[in-house]
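There are 4 protein chains.
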Amino acid sequence: MTTTLHTHVPRSKLCRYNEKAVWYGDEDLVGDLLGKTGFVDVFMKQTFGVAPSVTQRRVIEAVLVTLMEHGMTPSAIAARMIYASSPENLQAGVAAGLLAVASRFVGTMEPAAELLEAIVTAGGDREDETLSREYARRIAQDFRQRRVAVPGFGHHLHRPDDPRAAALLALARECDTNGRRCRALALLSAEIDAVVGRHITINATGAIAAVLGDIGIPAPLMRGFAVLGRAAGLIAHIAEEQRDPSGRFIWDLVDGAMSEHAEPVDEPAGRRGAPVPTP
Amino acid sequence: MTTTLHTHVPRSKLCRYNEKAVWYGDEDLVGDLLGKTGFVDVFMKQTFGVAPSVTQRRVIEAVLVTLMEHGMTPSAIAARMIYASSPENLQAGVAAGLLAVASRFVGTMEPAAELLEAIVTAGGDREDETLSREYARRIAQDFRQRRVAVPGFGHHLHRPDDPRAAALLALARECDTNGRRCRALALLSAEIDAVVGRHITINATGAIAAVLGDIGIPAPLMRGFAVLGRAAGLIAHIAEEQRDPSGRFIWDLVDGAMSEHAEPVDEPAGRRGAPVPTP
Amino acid sequence: MTTTLHTHVPRSKLCRYNEKAVWYGDEDLVGDLLGKTGFVDVFMKQTFGVAPSVTQRRVIEAVLVTLMEHGMTPSAIAARMIYASSPENLQAGVAAGLLAVASRFVGTMEPAAELLEAIVTAGGDREDETLSREYARRIAQDFRQRRVAVPGFGHHLHRPDDPRAAALLALARECDTNGRRCRALALLSAEIDAVVGRHITINATGAIAAVLGDIGIPAPLMRGFAVLGRAAGLIAHIAEEQRDPSGRFIWDLVDGAMSEHAEPVDEPAGRRGAPVPTP
Amino acid sequence: MTTTLHTHVPRSKLCRYNEKAVWYGDEDLVGDLLGKTGFVDVFMKQTFGVAPSVTQRRVIEAVLVTLMEHGMTPSAIAARMIYASSPENLQAGVAAGLLAVASRFVGTMEPAAELLEAIVTAGGDREDETLSREYARRIAQDFRQRRVAVPGFGHHLHRPDDPRAAALLALARECDTNGRRCRALALLSAEIDAVVGRHITINATGAIAAVLGDIGIPAPLMRGFAVLGRAAGLIAHIAEEQRDPSGRFIWDLVDGAMSEHAEPVDEPAGRRGAPVPTP
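Protein chains in written order, with this note's numbering: chain Y, 1 to 279; chain C, 280 to 558; chain F, 559 to 837; chain X, 838 to 1116.
Shown next as structure tokens:
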């Protein structure tokens, strides 16, 4: 049945093995990678097929570090709630928390990357800045007209500038990995400020879309950096949970604030016991 | 390669289909089930191979209802955190919340079921109550000696009795689905009270282990009832979240209580915007 | 901090409890629900605030049963892969499988429901069928022009009709729960056939959108029925996995077909052992 | 209510922020970390409170790389099934795959680490090798008597030695990060060989337990390295899935092998369409 349905058989090139060796792509895990190649380089090779340069790696690691942590976010709260309920399954806490790395959290990274790509494309092979600027102005005017924030721009807190965005763009310049997408971001920023009549923050998402795009990361995979960075951050939350558990504190805090229990107010069944004795 | 590795090919008997029909097991979905057989009956047939009797179904639905909801638990908090972060993906919120249906939440159901099974087995084919009682006493003494709660017994809140446990056991009697495991639970309860010197609550987990066991549900599948019941409850939490969102309230509440932000204390980046503009 | 941020405190009305009782909404779990109210009714009450009528329940259970099972789908394969890797965590297998209840699986249910709602709205309070038909025609023409399938219509396999869709619509008529959305579906179907020049299948998703809509289920919650129904189906897959494990068979089958292992081809590390001895 | 319940308020020390800055622990994200500190160092600092030395980092990265990838495993298959069903949610595919990082996949790492810890403890503060050897012998004899594999030992494929284990232990020696746990592993290995009468493989899990333990990683957090490493690997699988989709191929392959469809055998509903038009 399968053969009749599929003339093309997809092959995974990521890993091969036999008794004596394991290969990642064409490289011998033991002979070529262990102790010789760093985690981020192997991740990049396996994911994008090419290892980053030293300077590209600095930018990539800065992006991963930026995306790692933001305190007691919904992602961290979910991870702690699940870990407290299933403490033998660290992976379940991380998996639950990663489900928050979605439209609300990194949602604007991909559309921002696509806008920058379109501005670059408008410039053509001769990289005509006038054409790119015109395209950027149309984007700014279009979003203004629709009264919608341009993906990658604006911040309720970080004004006039987002320190992370500024730092990432400066790092890309310092590392000489900045290119047409970083320039497109600058063009778009100038046009937005002109259309709005004041300076609008370039936020971290916009900066990440530009610096990753200039390194050659396609928009549909940019979310992968948020997932990897946040996975590391969630493991740190679970480590903190092991040292100083917050699961029941959060449970009591939220239940106490949101539930209207019959008087006398009691603790939820099993709030105290571990394992909780009743469903 | 596969053929050489596997002489036995596992077959799924759950579903077949062609242009004109879909079968669940041997039954025609359209001709035999839709409009004729209820959801719980089809679930039981597909999972256990046999539909419950009318009285068994009453007990099973009571168990599912008991396991559906317990307010703002870690399971519900995790589901709401993920739904608020990924509101286009209701299933992600439910999946995250279900990961809390683990050792701490229904953890004692399976060991309780195994204890009851062992007490039944001790009675032998002649169902010798003296032998079962002796075995139950040894269990009570052993846990007492180890200063460990017997799975299915004890409750910090519901004393002297857990209303849900009493109701489920009464329902099993009323439905005449109670059998050797419910009797084993009573024997064990009496021996525990004798050993401890006062009445210890039979909790809902212990009662569910007994009533499901007497219906023929194996211990390793009992958790499935908690998963199905809680899935329904989590959908209700997400429906409430759609009507009256609590995602940001919980985020602020927990972050405000657990984080020591630099002065001046500000809202976390992106706390206000939707989609959140920065990672 | 929280108080200053939130003038509105969201309250959960789903569950309250004290020493002696647990309430779901305003009902006493023990006194009002256990043994008296079925699982689907309590689910509907908790989720939508109202219990279905007997006829509505027949339709709802038929929808849940339809969405329960479709054989060895990606959802079932993922659930079995995770269960085989974490057999002490049935809930993890179900959670993984539920993540497949997404855009590709029930993706057209919500847009289909919105189209039907729009057709109903076009008819106005006087339920003017001419206005609804005109609106339906414009939809058919618009999708035809864009060469896109109308959500809820078309099937590569079930032609000319989808037996499940026909059965669900017939059941709604029999139960007298059909209303303006079922009529809107018929209008839209007639206009699509006229525009295309041949009969296009009304698929199960379109029928479910209509029959649930006429019962008063809002489009953003329709996915909840797919989640609940499929949760039951995935538990049945895990039960079958317990009886006749397929985890390693699937692993070998897929790995054998997609990997190009170094000669001599060997089993993956740990393919045999349980627990797998190496990462 | 909360205050009365909790005298201790857990605080998260992982992240603080205000308008102008974000801190990870006591470090300014922008001023101290971005472009200056690598991803793995920040992960280690946040998780364990201390940055690794250069040589420790080499060992840690080697462990992460070893755990990243093993081809078309259940973890990768689950991730691809979910991604194919929810391609707008890369994070859901990774989350599903991470749920396989459980008892069967890294299950022996933690018990292996505990055995090594116990052997070290037996040696006392004077690191008495005779006492440690005696303890190791008792472990070997005990497992032999119970006919159970010692966690961290044995491999069906890699014989007499696991190239990854040998490489990781050699790297620890080269980096001078090896200590009492690596010595305990060698002692245990010698005693097992003596008891069994032939050489038993030290597998990668055993080696990782030893080298991470000597760096100071507690057993309950070792699984975090498997989670982080595998998260990177699963992103690579999803990147490959974007380039060369295997979702439907795997679906057809498994369904074709495991389902007994009514003749004429047809494709499952919606196998072709995207989005799949029917549930």
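Where is the CB? At the ideal position from N, CA and C, for every residue including glycine.
Problem - For M630(F) and I310(C), the rounded distance between their alpha carbons - result: The question names Ile, but residue 310(C) is Gly in the sequence shown. Distance between the alpha carbons of G310(C) and M630(F) is about 22 Å.
Problem - Residues near M838(X) in its chain [Cβ-Cβ closer than 8 Å; skip 5 each side] - result: Below a pLDDT of 50, predicted positions are generally treated as unreliable, and M838(X), at 34, falls in that range; the measurement from the model is reported next regardless. Hits under 8 Å: none found.
Practice task
Can you pull the chain C residues whose beta carbon is under 8 Å from the beta carbon of M1095(X), in chain order?
Solution key: V288, P289, R290 and S291
Handout entry: Beta-bridge partners of W23(Y), as assigned by DSSP
Key = R16(Y) and D28(Y)
Exercise for the section: If I'm right that G503(C) touches T387(C) with Cβ under 8 Å, what's the distance once you round it to whole angstroms? Expected result: Rounded, the Cβ-Cβ distance is 16 Å, inconsistent with contact.
Handout entry: Endpoints, alpha helix (DSSP H) assigned at D108(Y)
Key = Correcting the residue type first, residue 108(Y) is Thr in the shown sequence and not Asp. Counting along the chain, T108(Y) falls outside any alpha helix (DSSP H), and DSSP gives it neither H nor E.
Problem - Rounded separation between M626(F) and A637(F) - CA only - result: Going by the C-alpha atoms only, they are around 14 Å apart.
Exercise for the section: Mind checking who S817(F) pairs with in its DSSP beta bridge? Expected result: Looking at the DSSP assignment, S817(F) forms a beta bridge with S12(Y).
Handout entry: Contacting positions in the segment 762–779 of chain F - beta carbon closer than 7 Å to chain C
Key = P778 and L779
Handout entry: the segment 713–723 of chain F in contact with the segment 756–767 of chain F per 3-pair CB rule at 8 Å
Key = yes
Practice task
Output the distance between the C-alpha atoms of I976(X) and S940(X), rounded to the nearest integer angstrom.
Solution key: 21 Å
Handout entry: Chain-ordered chain C contacts of E891(F) [CB-CB under 7 Å]
Key = Residue 891(F) is absent from the model: chain F starts at 559 and stops at 837.
Problem - Straight-line gap, V276(Y) to V380(C) (C-alpha atoms, nearest Å) - result: Residue placement at V276(Y) is poorly supported in this model, since its pLDDT is 31, which falls under 50; the coordinates still yield a value, given next. C-alpha separation (whole angstroms): 11 Å.
Handout entry: Best match in R509(C), A428(C) and P331(C) for proximity to V474(C) [C-alpha to C-alpha]
Key = A428(C)
Exercise for the section: Compare the C-beta of A933(X) with all C-beta atoms of chain F and state if any pair is closer than 9 Å. Expected result: yes
Exercise for the section: State buried or exposed for R181(Y), treating a residue as buried only when at least 16 other CB atoms are found within 10 Å of its CB. Expected result: buried
Practice task
Name, going along the chain, the residues of the segment 365–398 of chain C whose beta-carbon falls closer than 9 Å to a beta-carbon of chain A.
Solution key: Given the protein chain composition of this structure (Y, C, F and X), no chain A is represented.
Problem - Contact residues within the segment 419–444 of chain C, judged by C-beta distance below 8 Å to chain F - result: L436, H437, R438, P442 and R443
Practice task
Return the residue from the list V943(X), E947(X) and S923(X) that minimises the CA-CA distance to L657(F).
Solution key: S923(X)
Exercise for the section: Keeping to the same chain, check which residues put their C-beta closer than 7 Å to that of I529(C); ignore five residues upstream and five downstream. Expected result: If you ignore the 5 residues before and after I529(C), its C-beta comes within less than 7 Å of the C-beta of I356, R359 and M360, all in its own chain and listed in chain order.
Problem - Range covered by the alpha helix (DSSP H) that runs through I793(F) - result: A777 to R801
Handout entry: Chain-ordered neighbours of L1090(X) on chain F, where CB pairs are closer than 7 Å
Key = Close partners of L1090(X) in chain F (Cβ separation under 7 Å): L811, V812 and A815.
Exercise for the section: Answer yes or no: does any C-beta atom of chain F fall closer than 9 Å to that of A480(C)? Expected result: Correcting the residue type first, residue 480(C) is Thr in the shown sequence and not Ala. No, no contact with chain F.
Problem - Alpha-carbon to alpha-carbon, L313(C) and I618(F) - result: 10 Å
Exercise for the section: Would you mind reading off the limits of the alpha helix (DSSP H) that contains S132(Y)? Expected result: Run containing S132(Y): E129 to Q145, per the alpha helix (DSSP H) assignment.
Exercise for the section: Count the C-beta pairs between the segment 1055–1069 of chain X and the segment 227–244 of chain Y that are closer than 8 Å, then say yes if the count reaches three, no if not. Expected result: yes
Handout entry: CB contact below 9 Å: A518(C) versus chain Y
Key = no
Exercise for the section: Examine chain Y for any beta-carbon lying closer than 9 Å to the beta-carbon of F528(C), and answer yes or no. Expected result: It does; some Cβ of chain Y falls within 9 Å.
Problem - Assigned exposure category for K45(Y) - 16 Cβ within 10 Å defines buried - result: buried
Problem - Neighbour flag for G791(F) against chain C, beta carbons, 9 Å - result: Yes - at least one Cβ of chain C is within 9 Å of the one on G791(F).
Exercise for the section: Spell out whether any CB of chain Y is found under 9 Å from the CB atom of R1164(X). Expected result: No answer is possible for residue 1164(X): it lies beyond the span of chain X, which begins at 838 and ends at 1116.
Practice task
Between the Cα of P218(Y) and those of E240(Y), F153(Y), E117(Y) and T177(Y), spot the shortest distance and give me the residue it belongs to.
Solution key: E117(Y)
Handout entry: Between the CA atoms of E519(C) and H437(C) - distance to the nearest angstrom
Key = 28 Å
Exercise for the section: Just the C-alpha distance for D1051(X) and N1015(X), rounded to the nearest angstrom, thanks. Expected result: Each residue's Cα considered, the two are about 6 Å apart.
Problem - chain Y residues whose Cβ lies nearer than 9 Å to that of A789(X) - result: Because chain X is modelled from 838 through 1116, residue 789(X) falls outside the range shown and cannot be assessed.
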